Every structure is written in C-alpha cells, then in structure tokens.
Amino acid sequence: MELIYTPQQQDFRMEIRDWLREHVPTDKLASFDTAEGFAAHREWEKTLASGNWGMVTWPEAYGGRGCDLIEWLIFEEEYYRAGAPLRVNQNGIFLLGPTLMEYGTPAQKERFISAMASGQEMWAQGWSEPGAGSDMAAIRCRADRDGDDFIINGQKIWSTRAVFADWVFGLFRSDPSSSRHHGLSFILVPLNAPGVTVRPIPQLNGLPGFAEIFFDDVRVSAENLIGGEGEGWSIAMSTAGFERGLMLRSPARFQQASKKLVELYRERRNDILDLSIEDAVVKCYMDAEAYALSTYQTASRLQQGAKIGPESSCNKIYWSELDIKIHETALSLLGAHAEVEQSDAPDQSVVSAWLDGFLFSQSGPIYAGTNEIQRNIIAERLLGLPRR
Amino acid sequence: MELIYTPQQQDFRMEIRDWLREHVPTDKLASFDTAEGFAAHREWEKTLASGNWGMVTWPEAYGGRGCDLIEWLIFEEEYYRAGAPLRVNQNGIFLLGPTLMEYGTPAQKERFISAMASGQEMWAQGWSEPGAGSDMAAIRCRADRDGDDFIINGQKIWSTRAVFADWVFGLFRSDPSSSRHHGLSFILVPLNAPGVTVRPIPQLNGLPGFAEIFFDDVRVSAENLIGGEGEGWSIAMSTAGFERGLMLRSPARFQQASKKLVELYRERRNDILDLSIEDAVVKCYMDAEAYALSTYQTASRLQQGAKIGPESSCNKIYWSELDIKIHETALSLLGAHAEVEQSDAPDQSVVSAWLDGFLFSQSGPIYAGTNEIQRNIIAERLLGLPRR
Amino acid sequence: MDFTFNEEQYFFQQTLKDFLTDNVTPASIRRRWDSDDGFDQDAWRSLCELGTSATQIPEDCGGLGLRFDDIIMMIQACGQAALPEPLVEHSFIAAPLLAQLHASQPSERVADILAAMASGEAMVLTASMINPYVNFAHSATHVLLQFGDDLHLIDSKDCTLTHVTSVDRSRRLAEVKCQPNGTTCLTNGRLGSELWQATLNRGALANAAQLLGLAETLVQMAVKHASDREQFGKPVGVNQAVKHLLADCAVKIEFAKPVVYRAAYTLAVAPNRADWAVSHAKVSATEAAQLAARHCIQVFGAMGYTWECDVHIWAKRVWALANEWGDVGFHKNRIHEWLVQPKALLGPEFTFGRRNIRDVEHID
Amino acid sequence: MDFTFNEEQYFFQQTLKDFLTDNVTPASIRRRWDSDDGFDQDAWRSLCELGTSATQIPEDCGGLGLRFDDIIMMIQACGQAALPEPLVEHSFIAAPLLAQLHASQPSERVADILAAMASGEAMVLTASMINPYVNFAHSATHVLLQFGDDLHLIDSKDCTLTHVTSVDRSRRLAEVKCQPNGTTCLTNGRLGSELWQATLNRGALANAAQLLGLAETLVQMAVKHASDREQFGKPVGVNQAVKHLLADCAVKIEFAKPVVYRAAYTLAVAPNRADWAVSHAKVSATEAAQLAARHCIQVFGAMGYTWECDVHIWAKRVWALANEWGDVGFHKNRIHEWLVQPKALLGPEFTFGRRNIRDVEHID
C-alpha cells in the first residue's frame, strides 16, 4: 500500500491540467440533449481527441495514450476539477469501446474505435424494449440473417443519446426460435440507415435525453456483428459490467459536486437551515471521498490482475444514492429559490445547475439496472443468499 | 372535530392523577422478568384493581369502569405521566381480555376476566412454535379431544411472561388431519397443570422475558376452549388485530419517553454531539405526538362504529421504529457512558433505563408480526398490490 | 373530544373532488402548460360557482363562514388533483386573512373585496415576505402585500411583475414589486403582525394539506402501475421490494394526516397558538410527499423519468410546495426553539395543549 | 499509487484469523463471561507467542517494527472474532504510543517496557482522557495515563479501580484512579500532546477496524441463518426484504473498508495529519456496524433477541465500541470543523492530500 502518486503520475496530472486550462470552453455548453448543445459537445470531443485525450486508457493506435487505471482516475479528477463538458459519447467510450476492445475483430476495432476516440461518431445504446425494462432477456427485436446482412425489425426504447447520435449498439434476436437470453446477437446499426425511425422521449427536464428507435426492415452488414451470432447475451453482460462497474460514474464527478455543496453550505450556513443540514453536508463529502477511495482500491486490484465481481453492484447503489443526497441537500440550502429553472437573477446559473442535477439524479437508481435489482445481485452473488 | 376534553373527561383525568399520586410506588419496581419483580408487579396489579383501575374499558361487572376509548387514552396518559409500573399482565388485559369479551361464553367471562382484572391471574401467550415464527399457521402442537377434555402435546416458544405466569392462551391443532389455518382451536391452559414444563429463555438483557413451554399429555377441560372447535385461527387473528392495533402500545408511553429525551437533550446540548442530534430529538418528539394524534383519530372513529382495518399494520411499524429512534438518540446523547449497565454513579439509573429501553426496543420490529410482514400487509390489503 | 370529520365536511370535500376528477385531468393540465398564462378561465369560473371561493368568507360578506378545519380536506383534494389554478392561494389563504381582519376591524372596503372574492369577481393573492415569488400574480385582480407588519391591498395593475420559470410548469411565478402607500394600507402594527403570522401558518398548512393530497395520488399511481406493468412474466408489484417502497409511503401518509387535521383545528380555534401544530404538519406532510415522489418515480422505472408520464406533474408540485411558506428547515427550527424552552409543556397529557389541563403549574 | 495489501500483510491477518477461529468461539467467550476476571490467560499467552504483541514494537526492542497499515487487517480480525482479551488495546494502541515516544526520545526505561510488552511479560493499557473507563485494567501490569499533556507509566498495583458493568459482558470496565508524579512521568508538553493526539487517532481507528470486522461477522451469521431457517416452506433468505436488509449492510461495509485502510496508511506515514482520515473511518465503520447489528437481529427474528443466540455477542460489542475513543458525534464534528475552514483543500484532486499536488496555492 502506497497512497502517493509517482512523479510520472504527478507530471501526467500537470500535463492534463495545463491542457485543460487552455482548451476548456469558458462558457458552459448548452445541454447535449439539444441539437445545438449536441453539436457543441461533438466539437469538444474532437478538441479532446486533437490532444489525444479522447480516452486515455486506449492504445495509442486508437487515439488513446495507453494509460493505466490510476492515470485514468487522475485524468477524471482533473477533468471535473476543470469543469470540462460532460462526455456526450459516453455510450461509446465507456460501454461500447471496452466491449469492442475485448470482442471486436481487428477490422472492427480499426473501423469503430478510432472514429469514436476522434469524436467523429457518436453512439446510442439500445438495450431495453417496451415490455422489457429490467428484464433485459425478454428481447423481441429481430435480426434475421440474410446472406452477409441482417434484416432488423422491431423496437428499442430508453435509448440514451439516440436523438442526435450516429450509431446505436444493442442486442437483437438473431435466432427466431430462441427465447430468453439464448439466440441474441450484439449488432451495431447506423441510425441513418433506411428504415430507422427515432422518436425522441423527453425526460424530466423536458429535453429528449432518450428515444424510441423503430426498425423497419433495416439492412445492416454482418460485419457489424460483434462476437459470434447468438453470443450477444454474454457480451452484453460484460458491457453492463463496465456500466455498473468502474467507469460509468467516475468518483471525481461526485467529489466535485460535494465540494460545491460544501461551498454552498459555507455561504448559507448562517441562514435558518434544516437541522439535519450539517450532518448531510458532512455525509455527502465523506461518501464522495469513500467512493473515490473504493475506486482507487478496485483500480489497484485490477492492475494486479483481479476482475470486477458482484461488488460493482455496490458501486451502482452507492453513487446513485449519493448523487440524490448531494442534490437534495443543495436544494435544501437553496430553500424557496430551489424550484426556479430560469430567471434573470445573477446567481441563477448556480440554482439551475443544482436543480437540473437533482432532476438527473432521479434517474440514477433506475437506469443500468434498478437499485432493487442490484440489491438482489449483491444478496445472491456477493453474500450467497438463496435465489428462491 | 372538537379536540378538547369534556368537563367529565377532565374530572376523570384528575381522579386518576390523584389516585396515582397516592398509590404509585416511589421506588422503581424490579423488572417483572425476575421472580421478585414479578411478585411486586402482581401486587401492583392488585393495588390497581383495588381502585378499579385494572382495565378501565371493561364493564364494571368485571372490575372495570365501562370507560370509552378516549377515557382509556386519558388513563394511559396519566399512567405514564405518573411513572407507574409496566403492566405485567398485558397479555391478559390487552390481548386475551378483549378476545374473551368478544368470543367467551358468559361462564368464561365470569371465570377469567374478573381474575384477570383483579390481578389474581397472570397470563402468558402461546402463539409461536419452533419452526413456525412468522408463519403462525404452521402450528403442530396438538389438542386431541378426549370426552370433555383436551389432551395437549407439543411445544410453544417465545411465550412472553410464561416463566412466572399462571396461565397460557394459544392455538392448538385440534383436528389432526388438518393443515395450515384449518383445524386449530383457541385454548386456555393452566401452567401448573401436570405435564407442563416451562423452560425460560433469557433475552438480550439476560432476563427470562419469554420461555419455551413443553406440553406432555396435558389434560385441560373443554370449558377452556374459546369459541368453537376449529375456529381458533379467526379468533387469534382478531386477537393479533388488538395486538397490532390500538391498545398494545399506548401513545403515552412514547410521549413520555420523548419528553425525557428532550430533557436529556436540554441538559447535554452544550456538549459535542452528533450533528444529527437536534434533528433526531425534534423528529422523535413530533413522531410520538403524531402517533398520539393518530390514536385519538382511530379511537374517535371506533367510537362512531368503525372497525380497525389494515391501517393497524401502519401502527406497528410506526411505534416500533419510533421506539428504536428515541432510544438510539438517547444513547447518542449519553456517549461513552451509554454502554454501562451498572455502576455506583449517582445518575446511573437514568443511563440504565435508557440502555435497557434500547435493548427492549430491538424486539419491537420483530414481535407481533415482523415489520416486513406488516409492510406486506399494508401493500396488499391497504394499497391493493397483487399478492403474487 | 372528537377527532372525526362530519358529514358536511366530507360532502364539501367530495363535491370538489368530483369536480376536479372530471375537469382537471393530466391532459388538461398539460394544455395549461402550453398556454401563455397557464390559467384555465372556465375551470376557475366553475370552481367559484361551486362556492369554493366563498367558504372562508364571513356570512355577512356573502360567504359561508366556514372554519379552517371544515375546508382542510378540500385543500387536500386540490393536492390530489394537482390543480394548477391558485384556488388555495385565493380562497384558503387570502380570504381568511381578510376575514380575520374584518372580524377585528370591520370596514366597508374589506367587506366589499371579500364579497367580490366570494363571487369570483375579484381574484386576490398574497405576497408574504417569506415567499420570494407569487404564483399566478398575472391573473390576480389584487395583491395583499406584506411590508413589515403592514398589510396593503394593491390593485394588480399597480404591480410590476418579473416572471421566473418554475420546475413545475403548472406554477407561474413572479416577483411582485409595487409602491405601498397610505391609501393601500389596510392595517399595521400589532394586528398586522398577528394577521401575517396567522397567514404564514395558513399558507404553510395549506401547503401541507396539498402535499398530503399529492402524496396520496402519487402512491395511487404507483400502485396502479405496479399492478399493471409486467416484468419477468409477473406484475412488478408482486416484488417485496416494490411493496415495501410503497408501504413506507403509506405509513408516512397515514401518520401525517392527523397531524395536518389537528393543525387545521388549532388554526380555527386558536390561530395565535398554532405555530407548533402547523410546523409539525408542514414537516410531516413534506417528508411524506417527498418520499412518495421518490419512491413513485422508482416504481415507474424509466417511464417515471419521462415528461410523457404523468408522475412528474405531481412530483414537481411536491418539490415546489415543499419550500413555499417556510421550508422544512424553517419549520423544524420553530419546533426546536419551542422544545428547548424550559417552560414548554411536554408530555402525554399536553397533546391538545394546556387549556385542557386544569392543574398546570407552569405558565407559558 | 497502490491501494492493495501485500502477501505478508494478508499472511499476518490470516495467521491471527486462523488462531481466533480455532480458539475464540462463542462458547469460549461465554465461559469468559461466567468467570470472575473475564480473561483467558491461555488465549492471551498464545496470542503473545504468536507475535501479535510484538508487531508494533521497534526491532531494537525485540519487536517486528511493523507499520499501522501492516496490522490494520489484524485488528479487523479481532473484531470478526469478537475477541474479549484486550489485544488491540495492548498491542495496537499502547505499544505504538510507546514506540512513537521511543522514536522521538529514546530511553532505557521505555525500551525495557516495550521489550516486556513484546514478550507478553507486561500487559500495558491506555487511560486516555477521552474514555471514562479502561477495559481489563484489572489484568494489566501497567497503565499509560493521560494527565493533561503528560504521559505517565503507572504500575497497576498503584491504581485504584472502580468497576462498572458493560452491556457487553466481554468488556470489563473500570474507572482508573492513581497519583501520577514526577517519577511516573515519561514525557509531557508538545511531545506529550502529539503522542496523545496520535493515540486518540490510533484508538479511534482500531475501534473502526474492529467495528468493520464485527459487521462482517454479523452479516455472515445473518446470511447463514437466512439460508438455513425455513418459514412458509422456504428459507427466509429468499424474501427480497431479507435480501435487501443484508445487501444494504454489504454496501456500507464495502465502502467503509477502503476508508479504514486509508486511515491506517495515513496514521503510518503522517500520524499528525490523520485526523480527517481517522474520523472518517470511525464514522463510516460505526454506521456500517450499527446497521449490521440492527438488520442482523431483524433477520434472526425472535432468536436474535435472545441471550442464547450468539448474535448479541457481536451486536453488543458494536454498541460499546461505537462510543469509545470518541463517539460518532465527536468525529463528525472534527470533520465538520475542517470542512468549514476556508483554507480546507477540497475537491477530487485532494483525495490523498496536498503533498501529492504540486501547484497548491493555499497553504494549510
């Protein structure tokens, strides 16, 4: 155990810090759930890529820097410290990217990873279907083999970023006689293909953060099949592991939010506040730090060859509840002003950011497997309680 | 709605207050889970009965005063205000008493209720069996009909007060071919009958608050059968309704405890305390009062002819969690002294009382149907969610 | 001692509830969101015709002269329906403020405005210093303005409004600026102070009752969804985790109700001694409603996070009303201040206050 | 940057764990409860022979000279087993206090007592002003007494003990009174103050690590019970409610672990800058253990409430250790005081402190 960065790691931090200081846009970009904001965030991805900061853990050949996980954490810390824009391509870089790295052919890696890292192609995910939310194996969307192509028919829902993205990845039933998690294939589909219709679904804040995608005889090349036909389930599970696991919500995000919460608290602590507010502020700061420490521990273990296990379900519960707690506490501090989404007041951007963050935090315990499902997983796989 | 006591109710309050002032023992009695304490509490029951205060809601013919539920609440308020001893015969007066009142024959009422109200006979309850805790219908203890008698064989467990009590009431399987909640009978058994063995079970504080009871060819008269043979389940459910419902934990108990908590807090609030303590103290006081208000509301409704429904499950959860919260908060206020059970310190009796109350509070979410089971009942019967 | 409502009180509630069920649907609320002023004139007119605006107005001014505990369940019904129009603000906050003034210091001017409020001719809202914004100020004919202890009645055309956007699209908030002067002043000093104190309590309790109603509807919606929606071949509501999420809400709601009703009674019979009861109600109802919003969204899953699903109509109202007329911190602090006073009368015998107990030794 | 333990550290833990599993069973703990002094001499001797008492003692005094992060998992193992003997107090609190003194101000007297501690010949306990009682003072040969900033080494036969009964029968508490004087004083002033500050932190962290271990065993016991015990024809553990009770404990434990380990590292490398890390550890581990105690009793049902069931051996230890070496309030307040300082270095880049960051502009 040595909880100190090496000189190389410290140099690396300073390199990012300097680069971000020069490149992070001074004005906050519009939400990437608007057309304008999406375009601005796409530009930002390209800027990041121009400095080879698109995805630092990837090999240099794919536009990365071959960093290890500790360096990735340092990158994230500096990224949030700098207030840099959210990553519009997180479906690509955090979910599909690692999947391709593990299961993609050299040609697929060449084709897709570079375009992802360079900010050229933005990705949506296509897991859920109407009637199959938490029950991901109940997939009915079909991909029928036709020579070197698949013909896709059906519907996906809750597809994040699909409104403005270029591609979607997801699971499709390639064996029509199969059921549940058998006979599924992991396929990449361009959203501009003939037969694809995207219907935006506005979320709590009114912006179309996800969409329904309708596939009507959509023809895609079998070159877009990841792994073998019918192997989609296990590949998707590994992707979902990434999602729940280390990379989806880097601790720096919550540390930065809890730092801002402490600052807000310092400003307002002489007002009449909820009697529980001191406790809540302390708890939020502690918990954000605990999440960071836990991630460093996991990263250290993985660097020594360990694998992520069911403890990743603990992560999902922890950060999603922490995120709600941080934002609830901030709204308590804002009192009667907390409900205001827009106004001409000088500090409105602070209020709006907390309110929007609060709305977004509501989705945390739901997506990427509800927290109820995570608790089942923890009880059964981590603790060993009987399934039924 | 008129939330003010009538002059008669105010007179009644003053009458109790005066009587209790004269009669409540100045020294705290030893725990009724000791032989000495049980005897002292039995004496106290007799003293209460001598003033016709044994169970004020019962008809005068049975030693009561024919009071309504509001008067009962007033009685309880004064009782806890006076710091009078806990009711050692609560199984009798709060559970069996109302059951006999509804299902007993005139002879049974005559025989048992008066002896109960007069403090002559103390009661234990016999619901659970080994292997049938929350699953009360899995009863195997047999009562085989033999002419005018039943022959009882089997075992009961978690029988509160059974170590020193005179009688036990419970459910027995009178139809050997029956299963689950069919074929059960509600029978009263004297604990001094030949063939009865009582094995004390010490609880968290080391005292035998409950017991196992072994029945080995115990012969009891069929006169001790309450209701019809095989009707035990529905009678017991009604008794359990009383238990969960209005009378088991009168609000005054928690109001008195939360008052003491506020006093402890006032003494210690200049110390370094948990940041959440102010909030917890306020919450405990509010919740105890809310429980009182809810009980007055229910009592008013019942006086107008309504019946207790599944909302009694809400009560059970509410008071048991409140009780834990009150005592946890008190222990927080006591800090490093909280763990001391005995010492020669002058304020030790205060510490001991909080500690013992804390230990006892641990049982609240478990007995009379665990809080998990109560939540199922609320979800299914009060809210109407599907059973399976 | 009787803690039940009478038939008449239930009848008032049911009449309003029936009207709201038929007329204020999620679809009609969304139509208001898309309109400029967010206000449905027809609904407002019907609500006034129903007599709701007259309930708190004295009989000699053309009203029904009901007590606050008579109408508390009507406010709850407004919450259940998530009614956008400021009926609560007009009928149950502004009207009793003027009625209380009229009782202490009768005047023709106040009698006239009360009569106009009863008929719906005037729409009066309250600008208390505890709230930074007034909801639907642009639809009002008059504003009752707090200025220190002063109470001013100001024609709305003399007000300057600065609009802000609430997270709850049903609410149309504005900062209200105007020039109070001698002619606009209705009263001041000790009476003014008392009136505003009672108004803060009525406002807080009115929000508490609405929050209770909002919570009830949220749980109902979640129960219906969990009974209908299937996952893994069964309704999601068979899962114990889902059951317990909603059972926890039910417990909070059940125990917030009597607290809200007790506060309504206290406001009716002893408006100057209602602080504790009202703050208790606001805290309990807010916590119940916030839990219901959270758990209801959770039960709905991804759908609960969408604009299309009606859950957020209720959830956002919860988040907004929680902080109006004093947030939870304000109200908890009032209770805390009282509890730490050595002269506070605590204990089981004081549930309904000292006037019920003859031999109180301490005087507060 | 490496947040893992090495093989040697795992080996130390495993060795102790194996010994405790074989020798400190619930039955043997109950035998101690029934004995006068509550102390198992054989177990103590074996633990010393195992080298546990020597781990924190400098090599030049016959010890192993290990760091606090080397032995933190051994303390956790003591918690897992609910070990009654004061191994933690002797080996991991008193010994490093003297070792730290010896490093700053070497003396033969301290070297001798350290050597005697390593061999188990002496048993030394700490009487810090933050704790009202000393556990197992009657079994000690010496007591390290805090008197202001002074550090005194006092022969136990010069101490007067007033015994009190703990809720946890494994603990044998006494108030310790004695007359410190010039000859008993080992050091004072600034060094004394630093030593006691570091000792408070070691004590708090040692309790945190034990609480973590206690929590782990409680959850294991509950899992086993829920898997074995049948109700309604199925193991009770198939119920989602039971699963989620225990899953919530697991989450708390998983996230308390790295916090405890980080604090151990900080105490090892920068004992004077460890307040924040230690307080964080004490709060997190206490909350995890208290939840585990509550939920474990709940899962056991009525059995969990009995003296016969072993759950309370662990649960009562949790309730006792929670308040020793500073209760949750003390530690939360330390964190709060730090957070409100404008110069506190907050934010993601400061997880491991400022010495890791080159361009810190503020100085604390």
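As they're listed, the protein sequences go chains A, B, C and D.
At position 378 of the first sequence (counting the first as 1) the number is 378 in my numbering, and the numbers step up by one without a gap.
In my numbering, each number is its position in the second sequence, counted from 1, plus 1000.
In my numbering, each number is its position in the third sequence, counted from 1, plus 2000.
In my numbering, each number is its position in the fourth sequence, counted from 1, plus 3000.
The C-beta atom is built at its ideal place from N, Cα and C for all residues, glycine as well.
Predicted model, so just to flag it, every value in this text is computed and none were measured.
Between the CA atoms of residue j and residue i - distance to the nearest angstrom
| i | j | result |
| --- | --- | --- |
| residue 2347 (chain C) | residue 1017 (chain B) | 14 Å |
| residue 2329 (chain C) | residue 273 (chain A) | 5 Å |
| residue 3211 (chain D) | residue 2224 (chain C) | 43 Å |
| residue 3136 (chain D) | residue 3033 (chain D) | 13 Å |
| residue 3363 (chain D) | residue 3343 (chain D) | Here residue 3363 (chain D) scores only 38 on pLDDT, less than 50, and its place in the model should not be relied on; the value that follows carries that caveat. Taking the straight line joining both Cα atoms gives about 7 Å. |
| residue 1396 (chain B) | residue 142 (chain A) | Lying before the first or after the last residue shown, residue 1396 (chain B) is absent from chain B, which here runs from 1001 to 1388. |
| residue 162 (chain A) | residue 41 (chain A) | 15 Å |
| residue 3044 (chain D) | residue 3091 (chain D) | 12 Å |
| residue 2190 (chain C) | residue 2149 (chain C) | 7 Å |
| residue 1201 (chain B) | residue 1367 (chain B) | 15 Å |
| residue 3022 (chain D) | residue 1197 (chain B) | 37 Å |
| residue 2302 (chain C) | residue 132 (chain A) | 11 Å |
| residue 2161 (chain C) | residue 2138 (chain C) | 7 Å |
| residue 3282 (chain D) | residue 3205 (chain D) | 6 Å |
| residue 1316 (chain B) | residue 1223 (chain B) | 33 Å |
Assigned secondary structure, residue i (DSSP; H/G/I helix, E/B strand, else coil)
| i | result |
| --- | --- |
| residue 339 (chain A) | coil |
| residue 2361 (chain C) | Because the pLDDT at residue 2361 (chain C) is just 47, under 50, the model does not fix this residue reliably, and the point stays unresolved. |
| residue 211 (chain A) | strand |
| residue 1138 (chain B) | coil |
| residue 187 (chain A) | strand |
| residue 2323 (chain C) | coil |
| residue 3057 (chain D) | coil |
| residue 1229 (chain B) | coil |
| residue 2332 (chain C) | helix |
| residue 56 (chain A) | coil |
Any non-hydrogen atom of the ligand NAD closer than 7 Å to residue i Cβ
| i | result |
| --- | --- |
| residue 2194 (chain C) | Looking for the ligand NAD in the displayed structure turns up nothing, as the structure carries no ligands at all. |
Opening and closing residue of the beta strand (DSSP E) in which residue i lies
| i | result |
| --- | --- |
| residue 3187 (chain D) | 3185-3187 |
| residue 2240 (chain C) | Residue 2240 (chain C) -> not in any beta strand (DSSP E); alpha helix (DSSP H) instead, spanning 2240-2269. |
| residue 155 (chain A) | 149-160 |
Range covered by the alpha helix (DSSP H) that runs through residue i
| i | result |
| --- | --- |
| residue 1200 (chain B) | From DSSP, residue 1200 (chain B) is part of no alpha helix (DSSP H) but of the beta strand (DSSP E) over 1196-1201. |
| residue 2346 (chain C) | Careful: residue 2346 (chain C) lies outside any alpha helix (DSSP H) and carries neither H nor E. |
| residue 3144 (chain D) | That residue, residue 3144 (chain D), is in no alpha helix (DSSP H); its beta strand (DSSP E) goes 3142-3147. |
| residue 70 (chain A) | 69-81 |
| residue 1361 (chain B) | 1348-1361 |
| residue 1097 (chain B) | 1097-1103 |
| residue 295 (chain A) | 277-303 |
| residue 1013 (chain B) | 1007-1023 |
What are the residues in the stretch 267-283 of chain A lying within 7 Å of chain B by C-beta distance? 275, 276, 278, 279 and 282
Flag this pair as touching only if the stretch 1368-1377 of chain B and the stretch 3227-3247 of chain D have three or more C-beta atom pairs under 8 Å; answer yes or no. yes
Could you please tell me which residues of the stretch 3330-3349 of chain D, in chain order, have their CB closer than 8 Å to any CB of chain B? 3330, 3332, 3333 and 3336
Quick one: which residues of the stretch 3223-3256 of chain D get their C-beta closer than 8 Å to a C-beta of chain C? List them in chain order. 3239, 3240, 3241 and 3244
Assess contact between the stretch 3044-3062 of chain D and the stretch 3089-3107 of chain D, defined as three or more Cβ pairs (one per stretch) separated by less than 8 Å. Is contact present? yes
What are the residues of the stretch 1162-1173 of chain B that lie near chain D, defined by any Cβ-Cβ distance shorter than 8 Å? none
Return the residues of the stretch 1218-1241 of chain B that lie within a Cβ-Cβ distance of less than 9 Å from chain D, sorted by chain order. none
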